[in-house]
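Undergrad: Chains as they are written, first to last, in the UniProt record's numbering: chain S, 1 to 250; chain F, 1 to 250; chain A, 1 to 250; chain H, 1 to 250.
4 protein chains.
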Amino acid sequence: MEKIVIKYYKKPRLSNPVLISGLPGIGNVGKITVDYLIEKLKPERLLDIISEHFPPQVFIDSNSVVSIAKNTMYYKKRRGKSDLIFLTGDFQGTSQEGQYELSSKILEICKELKVSMIYTLGGYSIGRIVDNPRVLGAVTDIDLIDDISRAGVIFPKGEPAGGIVGSAGLMLGLGKEVFNMKGACLMGETSGYFADPKGAIAILRALTRIIDVTVDEKDIEEKARQIEEITEKMKEETTSKNRDDLNYFG
Amino acid sequence: MEKIVIKYYKKPRLSNPVLISGLPGIGNVGKITVDYLIEKLKPERLLDIISEHFPPQVFIDSNSVVSIAKNTMYYKKRRGKSDLIFLTGDFQGTSQEGQYELSSKILEICKELKVSMIYTLGGYSIGRIVDNPRVLGAVTDIDLIDDISRAGVIFPKGEPAGGIVGSAGLMLGLGKEVFNMKGACLMGETSGYFADPKGAIAILRALTRIIDVTVDEKDIEEKARQIEEITEKMKEETTSKNRDDLNYFG
Amino acid sequence: MEKIVIKYYKKPRLSNPVLISGLPGIGNVGKITVDYLIEKLKPERLLDIISEHFPPQVFIDSNSVVSIAKNTMYYKKRRGKSDLIFLTGDFQGTSQEGQYELSSKILEICKELKVSMIYTLGGYSIGRIVDNPRVLGAVTDIDLIDDISRAGVIFPKGEPAGGIVGSAGLMLGLGKEVFNMKGACLMGETSGYFADPKGAIAILRALTRIIDVTVDEKDIEEKARQIEEITEKMKEETTSKNRDDLNYFG
Amino acid sequence: MEKIVIKYYKKPRLSNPVLISGLPGIGNVGKITVDYLIEKLKPERLLDIISEHFPPQVFIDSNSVVSIAKNTMYYKKRRGKSDLIFLTGDFQGTSQEGQYELSSKILEICKELKVSMIYTLGGYSIGRIVDNPRVLGAVTDIDLIDDISRAGVIFPKGEPAGGIVGSAGLMLGLGKEVFNMKGACLMGETSGYFADPKGAIAILRALTRIIDVTVDEKDIEEKARQIEEITEKMKEETTSKNRDDLNYFG
C-alpha cells in the first residue's frame with residue numbers, strides 16, 4: 001500500500017471547479033462549515049483519501065460496521081457557475097511530514113481536476129467567547145483581496161500574528177509556490193475551547209457570497225444556539241459558585 | 001533489508017482460508033486466544049514477519065539462543081472446511097506508519113493466499129474486573145452480523161464508543177476499503193489491567209463456534225483460575241488493609 | 001512533491017563562488033549576520049528550498065499575502081573576486097533526518113554551482129552577556145586556519161567542547177567527508193538568551209575581512225545598542241528589586 | 001545523499017574474517033573493549049559509516065578540525081588465523097528504524113566481506129558496582145556455546161531476562177534470521193552508572209581467548225584502577241556524610 005491511497009468513486013468532468021477545504025482544526029470551525037454545506041447541497045462523493053498519516057483507527061457506525069479514518073472529497077456540478085469540490089475528513093495529517101505529503105497530494109489532485117481556486121477554512125483562536133465573530137482572510141495573491149473583502153472578510157494588518165499552521169495554510173503556501181495555484185484562507189474567530197458553530201456561521205455567510213451559493217442557515221443556527229445555552233449555563237454556574245465561595249468565606 | 005521482511009517456511013495451497021489474528025493489545029486478550037489455539041491445534045509455521053516497525057530487540061530462550069522480535073503466521077489444513085491461518089507475534093507496529101505498513105503487508109499476503117474472511121481478536125477495556133465478559137463484534141459488512149451473533153457475539157449500538165485503535169481495527173478498515181476483503185473484529189471484555197485469560201475464553205467460545213473448531217478449554221480455564229486467585233487475594237488484602245485503616249482511625 | 005523542492009529563480013554562471021550560510025540557531029547570530037549582508041549587498045535571489053523538513057506553516061505579510069516556510073539562497077557577482085552565495089531561512093530542518101537531508105541537498109547544489117569554500121555562521125552560547133564577543137573557528141582542513149585567524153578568528157583548544165550540533169556543523173562534516181568540499185564555521189559568542197546582534201557584529205567584522213567585502217555597520221550597531229539598552233534596564237530592575245528585597249528583610 | 005553512506009578506505013581481500021562489534025551502550029563496555037583492541041592491534045581503517053540515523057553533529061579535535069558523527073570499521077590481517085574486523089563508533093542509530101537500517105547495512109557489508117562469525121560486545125546492567133564482573137553469552141546457534149564457554153563466558157538460564165535491546169542483539173537476530181550468519185553476544189556485567197573499564201576487561205579476557213589474540217592489559221587495568229579510586233572516594237564521602245548525619249541527629 002502506498003503512503004497515501006486515493007480511492008475514486010467517480011471521475012467527473014468538472015467545469016472551472018473551486019475547492020473548499022474544511023478539515024478538523026481550531027474550534028473545528030472549517031470542518032463544521034464544509035460539513036454543513038455537504039449536508040445541505042448533497043454533493044456526490046468523488047474520492048476517499050486513506051493514509052498512514054492518519055491515526056491507525058476505525059470508527060464504528062450504529063450498525064456496528066467499521067469505517068477507516070479518512071478524508072473525503074465531494075463535488076457539485078452547477079449550471080453557468082464554477083463547479084464545487086468539498087474536502088472534509090476525520091483528521092489532518094498527524095505529523096509534519098504527513099501534513100506536507102497530504103497537502104501536496106490534494107493539490108496534485110486539484111491540478112488534475114483543473115481547480116481554478118482554493119478556499120481553505122479554519123478557526124482563528126482568540127481565547128475568549130465572542131458574540132460576533134469576524135472572518136479574517138489571507139491570500140496567495142494580493143489581487144484576490146478586493147472580491148473577497150466585498151463578501152465581508154477582513155484583512156487586518158498583522159493578524160493572525162504567527163501565520164497559519166497546518167493544512168489551511170500549507171495548501172495555500174504549497175499551492176502558490178509549488179503548484180502555481182491561487183487560493184484564500186477564511187478564518188472565523190472562535191474561543192477555540194469547543195466545536196464552535198458560531199465561527200462557522202460567520203464563514204458560511206462570507207463563503208456563500210463568494211462562491212454564489214444559497215443555503216438555509218436554520219439548522220446551523222440551532223446548533224449555535226444549543227452551544228450558547230450550554231456555555232451560558234456554565235457561566236452562571238461559575239458565577240453562582242463564586243458567589244457561594246464568597247458567602248462561605250464571608 | 002526491506003522495512004518489512006517476509007520469511008516463508010512453507011508455500012502451501014490453502015482452500016478458502018480464514019485468517020485469525022491475535023496480536024498483543026488490551027489485556028492481551030487477542031494474543032492469548034490465538035496462542036491457545038496454536039498450542040492446541042498445532043498448526044504448521046507458514047512465515048515470519050521481521051520489521052523495523054518492531055522494537056530493535058532479541059529475546060533469549062532457555063538455551064541462550066536469541067530470536068528476533070517478530071510476528072508469525074501458522075496454517076492448519078482441514079478436510080471439508082475452510083483452512084485456518086493464525087497470526088500471532090511479539091508486538092504490533094510501534095508507530096502509526098508501522099501500523100499501516102504492517103497491516104497492509106499482512107493483507108497483501110492474505111490476498112495472495114486467497115483468504116476469504118479475516119477475524120481480528122482484541123480486548124475491550126471496561127476498567128473493572130468482570131465475571132462474565134461479553135464478546136462485542138464489529139464488521140466490514142452488515143450481512144456478516146447474523147452468523148456471528150448466532151455464536152454469542154453481541155453488536156450493541158454505540159460500543160465500543162471510540163472505534164477500534166490499532167491492528168485489530170486497521171486490518172478490517174484497510175481490508176474493506178483498500179483490499180476488498182471481508183472481516184470481523186471480536187472484542188472480549190477485560191479490565192485491561194493485566195493479561196486476561198477470562199476475556200480470551202469468552203472469545204474462544206464464540207470463535208470456535210464460528211470457525212467450527214473444537215478445543216479442550218481445560219488449560220486456559222486453569223490459567224484464568226490462577227489469575228482469579230491472585231486478584232481475589234489482592235482484593236482481600238486491600239479490604240483487610242482498609243479495615244485496619246478503619247481500626248487505626250476508629 | 002519531493003521531500004525537498006528546489007525552486008530556481010535564476011541559473012547564473014558563477015565564478016569560484018563562496019557560500020555563506022546563516023540559518024536560525026543559538027542567539028540567531030548566524031542568521032542576523034547573513035540577513036544583514038543581504039540587506040546591504042542586495043544580492044539576487046537564486047533559489048528557494050521548500051521542504052517537509054520545515055514546519056507546516058505559512059507566514060502572512062502586511063498585505064495579508066502568505067509565504068511558506070523556506071530557506072533561500074542569493075548570489076552576488078563580483079569583479080575580480082570570488083562570487084558570493086548567501087543562504088538564509090526561516091528554520092533549520094526540524095528532525096535529525098531533516099537536518100541531514102537538507103544539508104546534503106544544499107551541498108549537492110553547491111557542488112553543481114562549483115562552490116569552492118563554505119562558511120557556516122553560528123552562535124557559541126556561553127550563558128552570560130558578554131561585552132566583547134570573540135569569534136571562534138572550526139575547519140574541515142588544518143591549512144585553512146592561518147588565513148582565517150588573520151581576520152581575528154580564534155581557534156582555542158577544546159572549544160566549543162561538545163562539537164557543533166545542527167546545520168552549521170553538519171554542512172562542514174558532510175562537506176568534508178561525503179562531498180569533498182572545504183569549509184569553516186565561524187561562531188560568535190552570545191549569551192544565547194535572545195536574538196543577539198552583538199555576536200553577529202563580531203562575526204561580520206571577521207567575515208567581511210575574509211571574503212573581502214565592505215559593509216556599513218551603522219544599522220546593525222544601532223540594533224545592538226537597542227538590545228543593550230533593554231538588557232541594561234532589565235539588569236537595573238533586577239538590582240533595584242534585589243535592593244527592595246533586602247530592605248524588606250532588613 | 002543516501003540514508004547511510006559507506007566510505008571505503010581500502011578494499012582488502014580478507015580470509016575467513018570475524019567481526020567484533022563494540023558500539024556505545026550500557027556502561028560503554030562494548031566500545032571500551034573494541035577501542036582498546038584497536039589501540040593495541042593497530043588495525044587498518046576499512047570504512048566509515050555516515051548516516052542520518054546518527055545525530056546531526058560534528059566533533060572538533062585539538063587542532064580545531066571537525067569530524068562528523070560516524071561508525072568505523074577496521075581490519076587486521078593475520079597469518080594462519082581468521083582475519084579480524086572491528087566495528088566502533090560515536091553512536092548507535094538513534095531511532096528504532098535507524099537501528100534496523102544500520103544493523104542490516106552492516107550485515108550486508110559483512111556478507112560481502114564473507115564474514116564467518118560475528119561477536120557483538122555489550123554491557124549487562126546489574127545496578128550495583130561489582131568486583132568481579134561475569135561475562136554472559138547469547139548465541140544464534142546452540143552449537144556455538146561449547147567453544148565460547150570454554151573461554152569463561154557463562155550461559156545462565158533466564159539471563160539477561162528481557163533479552164537484548166539495541167545493536168548488539170539486533171545484529172545477531174537479523175544475522176540469524178535474515179542474513180543467515182552466525183554470531184554471539186558477550187555481555188560484561190556493569191553497574192551501568194558510568195563508562196566501566198572493569199566490565200570491558202572481563203570481556204577482553206574472554207574474547208582474546210576466543211579469537212586467539214594477545215594484548216597487553218596494563219593500560220586498561222590502569223583505567224579501571226582510576227575509576228575504582230574515584231568510586232571508592234565517592235563511597236567514603238557518602239559514608240562519612242552519613243556518619244555526620246548520624247552525629248548531627250545523635
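For every residue, glycine included, the Cβ atom is placed at its ideal position computed from N, Cα and C. Please read all numbers here as calculations on a predicted model, not as lab measurements.
Looking at the unbroken alpha helix (DSSP H) that takes in S:Y100, where does it start and where does it end?
TA: Segment 96 to 112, the alpha helix (DSSP H) holding S:Y100.
Undergrad: Does any residue of chain S bring its CB to less than 7 Å from the CB of F:L121?
TA: It does not: the Cβ of F:L121 has no partner Cβ on chain S nearer than 7 Å.
Undergrad: Check the Cβ of A:S167 against every Cβ in chain S and list those closer than 7 Å, keeping chain order.
TA: Near A:S167 there are no residues of chain S at all, since even the closest Cβ is about 17 Å away, more than 7 Å.
Undergrad: Give the straight-line distance between the Cα atoms of residue 254 of chain F and S:Y9, rounded to the nearest whole angstrom.
TA: Examination of residue 254 of chain F is not possible in this model, given that chain F is present from 1 through 250 alone.
Undergrad: With DSSP collapsed to three states, give me the class of H:G250.
TA: Here H:G250 scores only 33 on pLDDT, less than 50, and its place in the model should not be relied on; the value that follows carries that caveat. Of the three classes helix, strand and coil, the one that applies to H:G250 here is coil, per DSSP.
Undergrad: Might you give, ordered along the chain, the residues of its own chain that have their beta carbon closer than 8 Å to the beta carbon of S:E44, omitting 5 neighbours on each side?
TA: Answer for S:E44: Y9, K10, P12, Y74, Y75, K76, listed in chain order.
Undergrad: Taking Cβ positions only, does H:L87 come closer than 7 Å to chain F?
TA: Answer no: the Cβ-Cβ gap between H:L87 and chain F never drops below 7 Å.
Undergrad: For A:L170 and A:L23, I'd like the C-alpha separation in whole angstroms.
TA: Cα to Cα, the separation comes out at about 12 Å.
Undergrad: Alpha carbon to alpha carbon, how far is H:I68 from A:F179? Give it in angstroms, no decimals.
TA: Computed Cα separation, rounded: 13 Å.
Undergrad: Indicate whether A:I211 and A:K105 have their beta-carbon atoms separated by less than 7 Å.
TA: No; because the gap between Cβ atoms is not below 7 Å, this pair is not in contact.
Undergrad: Under three-state DSSP, which class holds A:T140?
TA: DSSP places A:T140 in coil when its eight states are reduced to three.
Undergrad: Is it true that the CB of A:E159 sits closer than 7 Å to the CB of A:L144?
TA: It is not a contact, given that the beta carbons lie outside the stated cut-off.
Undergrad: To the nearest angstrom, report how far apart F:S149 and F:A206 are at their CA atoms.
TA: Cα to Cα, the separation comes out at about 9 Å.
Undergrad: Classify F:M181 as buried or exposed, calling it buried when 16 or more other Cβ atoms lie within 10 Å of its own Cβ.
TA: By the neighbour-count rule (16 or more Cβ atoms within 10 Å), F:M181 is buried.
Undergrad: For S:D146, which three-state DSSP category applies?
TA: Here S:D146 sits in helix by DSSP.
Undergrad: I'd like to check one pair, H:Y100 with F:E2: are the Cβ atoms closer than 7 Å?
TA: Their beta carbons are not under 7 Å apart, which means F:E2 does not touch H:Y100 by this criterion.
Undergrad: Measuring straight from C-alpha to C-alpha, what distance separates A:M117 and H:V34?
TA: For A:M117 and H:V34, the distance between alpha carbons rounds to 37 Å.
Undergrad: According to DSSP, is S:D245 part of a helix, a strand, or is it coil?
TA: Per-residue confidence for S:D245 stands at a pLDDT of 47, beneath the threshold of 50, marking its modelled position as unreliable; no derived number is given.
Undergrad: Who are the Cβ neighbours of F:P197 in its own chain at under 7 Å, not counting the five residues just before and after it?
TA: If we look at F:P197 and ignore the five residues flanking it on each side, its Cβ neighbours are I32, I220, K223, A224, I227.
Undergrad: To the nearest angstrom, how far is it from the Cα of F:T208 to the Cα of F:F155?
TA: If I take the Cα positions, the gap works out to 18 Å.
Undergrad: Using the beta-carbon of each residue, which ones in chain H are nearer than 7 Å to F:I49?
TA: Per Cβ cutoff of 7 Å: no residues; F:I49 is ~11 Å from chain H at best.
Undergrad: Note down, one range per segment and in chain order, each beta strand (DSSP E) of at least 3 residues found wholly within the segment 15 to 83 of chain F.
TA: Complete beta strand (DSSP E) runs here, min 3: 18 to 21, 44 to 51, 57 to 60, 66 to 68, 71 to 76.
Undergrad: Count the other CB atoms, across all protein chains shown, that sit within 10 Å of the CB of A:I203; report buried if there are 16 or more and exposed otherwise.
TA: The residue in question, A:I203, is buried, as its Cβ has 16 or more Cβ neighbours within 10 Å.
Undergrad: What do you reckon, are the CB atoms on S:G175 and S:G27 nearer than 7 Å?
TA: For S:G175 and S:G27, no; Cβs fall outside 7 Å.
Undergrad: Which runs of the alpha helix (DSSP H), 4 residues or longer, sit entirely within the segment 123 to 200 of chain A?
TA: Runs found: 145 to 150, 167 to 177.
Undergrad: Alpha carbon to alpha carbon, what distance is there between H:E237 and H:F249?
TA: Residue placement at H:F249 is flagged as unreliable, the pLDDT there being 41, under the threshold of 50; a coordinate-derived value is accordingly withheld.
Undergrad: So F:E97 contacts chain S; which residues on that side make the cut at Cβ distance below 7 Å?
TA: Chain S residues near F:E97: E52.
Undergrad: Relative to the alpha-carbon of S:Y119, which residue among S:I60, S:E112, S:T140, S:E97 has its alpha-carbon at the smallest distance?
TA: Ranking S:I60, S:E112, S:T140, S:E97 by Cα distance to S:Y119 puts S:T140 first.
Undergrad: Determine which residues of the segment 203 to 228 of chain H have a Cβ less than 8 Å from any Cβ of chain F, and write them out in chain order.
TA: Taking 8 Å as the Cβ-Cβ cut-off against chain F, none of the residues of the segment 203 to 228 of chain H qualify.
Undergrad: Could you say if the segment 124 to 132 of chain F and the segment 46 to 61 of chain S meet the contact criterion of at least three C-beta pairs nearer than 8 Å?
TA: Too few Cβ pairs lie closer than 8 Å, so no.
Undergrad: Relative to the C-alpha of A:L107, which candidate in A:G173, A:A195, A:K157 has its C-alpha closest?
TA: Residue A:G173 is the option with its Cα nearest to A:L107.
Undergrad: So, does the CB of F:N63 fall closer than 7 Å to a CB anywhere in chain H?
TA: By this cut-off, F:N63 is an interface position.
Undergrad: Could you tell me which residues DSSP pairs with H:F91 in its beta bridges?
TA: H:F91 pairs with nothing; no bridge assigned.
Undergrad: Output yes if chain S places a C-beta closer than 7 Å to the C-beta of A:K10; else output no.
TA: Taking Cβ atoms only, chain S never reaches closer than 7 Å to A:K10, which makes this a no.
Undergrad: Just checking my contact of F:G122 with F:M187 at CB under 8 Å: how many whole Å lie between their CB atoms?
TA: About 5 Å separates the two Cβ atoms, so the contact holds.
Undergrad: Using a beta-carbon distance below 7 Å, is S:M171 in contact with chain A?
TA: Cβ-Cβ to chain A under 7 Å: no for S:M171.
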